[in-house]
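Colleague: Numbering (my numbering), first residue to last: 1 to 417. Every residue gets a Cβ at the ideal spot worked out from N, C-alpha and C, and that includes glycine. This one's a predicted model, so the numbers in the text were calculated from it and none came from an experiment. Take this structure first; my questions come after.
This is the structure:
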């Protein structure tokens, strides 16, 4: 590096590059041939730059901390310049420079960043034989998956075409396929979906498929499923919309499809306890609590309480530090949207996922904060308001539940209104 470049980099103007565009208006040329800007990323991110408003030819370069060029944009004349690059954590520089010393030009530099999605959830509709999933419903399902895709930073090994996978559930019929052979490469996770009139009051059900006791991706401390199955009740009065981050536009008499889909995806991703659960989750439970290191760290040093011993759900109504209602508690109220909170994400962190906690959400507070478990917990709220309740390790059921308690043997009991 030349002394001139070194001195110039040391005098670079510091800027913040965030999801909200930063715009800088300046001039370059004549006695000022170069402008340098300095920024830092603390996580891997997509960097986006645009140089506009040129009256003469000017170019732009993205440099690493050592001053070496990562990428340039050198379009002729007064054309706008654009750079898009995924960057690892570190310090970087932007150089804006005039191509002709004799020409001075104004410019507007615009920079922004986005968090790259490294985790991919693909939905496969081959079993949706009644074609319940219209193009509009598919887009809403993708929106629900994006909540987890933005949080999970993993990139699982690709499962090649022709992989024989045992015990895959047909979501349309509920029948088990003893051996399923993949007919395309699976990048991270594929979920088969279907819809039918589910029995009793079940809203939806899901599980990871492809279970094999000899497969470390399923039995190891780092849970890495590559196939899941998810079924929705086709007779439910669902609310569909494409904006998972909004919460105020839900009708009070309908169940939010995004919330239910995100909850069921949570079961496929690893919220699965008990005899049919996954080892990574089950091995980090003690009685009716989840004791993983990250879960405790995000919960004030205490284990996260579960609904009951062997449960795949966070205790109903539990929150910590303003997290609000957790996504993976056992119920969902009509007209209310829940999304993954820091507590939900911390449990996935403990079973092997890499987590971007900044992509989690704060949901609305439950009717009351759950207290320490007693022999009988009265469910808060209007007893006439119907809500969905998850009655097993991986399904949501619509019930009016007034009381949840324990019998003398310690088994969970419910009283339905």
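Please classify residue 353: does DSSP put it in a helix, a strand, or coil?
Modeller: In the chain shown, residue 353 corresponds to position 353, counting from 1. Looking at residue 353 - three-state DSSP - the assignment turns out to be coil, as it is neither helix nor strand.
Colleague: Given residue 56, which residues of its chain have a CB within under 6 Å of its CB, disregarding the five upstream and five downstream residues?
Modeller: Within the chain shown, numbered from 1, the residue matching residue 56 stands at position 56. Around residue 56: 103, 105.
Colleague: Within the same chain, show all residues whose beta-carbon is closer than 6 Å to that of residue 222, passing over the 5 residues directly before and after it, in chain order.
Modeller: Position 222 of the chain shown holds residue 222. Contacts found: 352.
Colleague: From the DSSP output, in three-state form, read off residue 380 for me.
Modeller: Walking along the chain shown from the start, residue 380 turns up at place 380. Bear in mind that a pLDDT of 25 at residue 380, under 50, signals an unreliable position, so the model cannot answer this.
Colleague: May I ask you to list the residues that DSSP assigns as paired with residue 227?
Modeller: Position 227 of the chain shown, counted from the first residue, corresponds to residue 227. In the DSSP output, where bridge partners are listed per residue, residue 227 has 190, 209.
Colleague: Do residue 115 and residue 209 have their C-beta atoms within less than 9 Å of each other?
Modeller: For the purposes of this step, residue 115 is identified with residue 115 of the chain shown, where counting begins at 1. For the purposes of this step, residue 209 is identified with residue 209 of the chain shown, where counting begins at 1. No, they are not a contact pair.
Colleague: Give me the residue from 203, 216, 26 with the minimum Cα distance to residue 254.
Modeller: Against the chain shown, residue 254 aligns to sequence position 254. Comparing Cα positions, the closest option is 203.
Colleague: I need the DSSP call for residue 251, collapsed to helix, strand or coil.
Modeller: Position 251 of the chain shown holds residue 251. Secondary structure at residue 251: coil, using DSSP grouped into helix, strand and coil.
Colleague: Any idea if residue 85 is buried or exposed, counting beta-carbon neighbours within 10 angstroms, 16 or more meaning buried?
Modeller: The residue you call residue 85 lines up with position 85 of the chain shown. It is exposed - the Cβ of residue 85 has fewer than 16 other Cβ atoms within 10 Å.
Colleague: Mind checking residue 69: buried by the 16 CB within 10 Å criterion, or exposed?
Modeller: Start at 1 with the first residue of the chain shown, and residue 69 comes out as number 69. Counting Cβ neighbours within 10 Å, residue 69 comes out exposed, since fewer than 16 surround it.
Colleague: Determine the direct distance from the alpha carbon of residue 224 to that of residue 201, and round the result to whole angstroms.
Modeller: Residue mapping note: residue 201 aligns to position 201 of the chain shown, counting from 1. Residue mapping note: residue 224 aligns to position 224 of the chain shown, counting from 1. Distance between the alpha carbons of residue 201 and residue 224: 31 Å.
Colleague: Report yes if the CB atom of residue 96 is closer than 9 Å to the CB atom of residue 45, and no otherwise.
Modeller: For the purposes of this step, residue 96 is identified with residue 96 of the chain shown, where counting begins at 1. For the purposes of this step, residue 45 is identified with residue 45 of the chain shown, where counting begins at 1. For residue 96 and residue 45, no; Cβs fall outside 9 Å.
Colleague: According to DSSP, simplified to helix, strand and coil, what is residue 216?
Modeller: Numbered from 1 along the chain shown, position 216 holds the residue referred to as residue 216. In the structure shown, residue 216 sits in a helix (DSSP, three-state: H, G or I).
Colleague: Look at residue 207 and residue 291 and say whether their C-beta atoms are less than 9 Å apart.
Modeller: As a first step, residue 207 is located in the chain shown; it is residue number 207 there, counting from the start. As a first step, residue 291 is located in the chain shown; it is residue number 291 there, counting from the start. Contact flag unset, no.
Colleague: Let's see if you can read the secondary structure: which residues bound the beta strand (DSSP E) around residue 332?
Modeller: Taking the chain shown and counting its residues from 1, one reaches residue 332 at position 332. From DSSP, the beta strand (DSSP E) with residue 332 extends over 331-333.
Colleague: When the Cα of residue 72 is compared with those of 148, 66, 51, which residue comes out closest?
Modeller: Within the chain shown, residue 72 is the residue found at index 72, counting from 1. It is 51 whose Cα lies nearest to the Cα of residue 72.
Colleague: List the whole-angstrom C-beta distance separating residue 231 from residue 198, where the pair is believed to meet the contact cut-off of C-beta under 8 Å.
Modeller: Taking the chain shown and counting its residues from 1, one reaches residue 231 at position 231. Taking the chain shown and counting its residues from 1, one reaches residue 198 at position 198. Right, their Cβ atoms sit about 7 Å apart.
Colleague: Looking only at its chain, what residues have a beta carbon closer than 8 Å to the beta carbon of residue 185, apart from the 5 residues adjacent to it on each side?
Modeller: The count along the chain shown starts at 1 and reaches residue 185 at position 185. These residues qualify, in order along the chain: 158, 159, 160, 161.
Colleague: To the nearest angstrom, how far is it from the Cα of residue 315 to the Cα of residue 131?
Modeller: Counting from 1 along the chain shown, the entry for residue 315 is found at position 315. Counting from 1 along the chain shown, the entry for residue 131 is found at position 131. Near 36 Å, if we compare the C-alpha coordinates of residue 131 and residue 315.
Colleague: Closest by CA to residue 343, which one among 227, 241, 363, 107?
Modeller: The residue you call residue 343 lines up with position 343 of the chain shown. Of the listed residues, the one whose Cα sits closest to residue 343 is 363.
Colleague: Nearest-angstrom Cα distance between residue 110 and residue 62?
Modeller: Translated into the one-based positions of the chain shown, residue 110 becomes position 110. Translated into the one-based positions of the chain shown, residue 62 becomes position 62. Distance between the alpha carbons of residue 110 and residue 62 is about 13 Å.
Colleague: Please report how far the alpha carbon of residue 275 lies from the alpha carbon of residue 83, in whole angstroms.
Modeller: Taking the chain shown and counting its residues from 1, the one referred to as residue 275 is at position 275. Taking the chain shown and counting its residues from 1, the one referred to as residue 83 is at position 83. Their Cα atoms are separated by approximately 52 Å.
Colleague: Look at residue 100 and residue 29 and say whether their C-beta atoms are less than 9 Å apart.
Modeller: As a position in the chain shown, residue 100 is number 100, starting the count at 1. As a position in the chain shown, residue 29 is number 29, starting the count at 1. Yes.
Colleague: Suppose you measure from the CA of residue 119 to the CA of residue 191; what does that come to, to the nearest Å?
Modeller: Against the chain shown, residue 119 aligns to sequence position 119. Against the chain shown, residue 191 aligns to sequence position 191. Between residue 119 and residue 191, the C-alpha separation is close to 13 Å.
Colleague: Measuring alpha carbon to alpha carbon, tell me which residue in 79, 37, 266 is nearest residue 64.
Modeller: As a working mapping, residue 64 is identified with position 64 in the chain shown. Selected option, being the one with the closest Cα: 37.
Colleague: Look at the Cβ atom of residue 107, then the Cβ atom of residue 25, and state whether they are nearer than 9 Å.
Modeller: On the chain shown, residue 107 is found 107 positions in, with the first residue counted as 1. On the chain shown, residue 25 is found 25 positions in, with the first residue counted as 1. Yes, they are a contact pair.
Colleague: Given that a residue counts as buried once 16 or more other Cβ atoms are within 10 Å of its Cβ, and exposed if not, what is residue 150?
Modeller: Position 150 of the chain shown, counted from the first residue, corresponds to residue 150. Classification for residue 150: buried.
Colleague: Here's the rule I'm using: 16 or more other beta-carbon atoms within 10 Å means buried, otherwise exposed. How should residue 348 be labelled?
Modeller: Here the question's residue 348 lines up with position 348 in the chain shown. It counts as buried.
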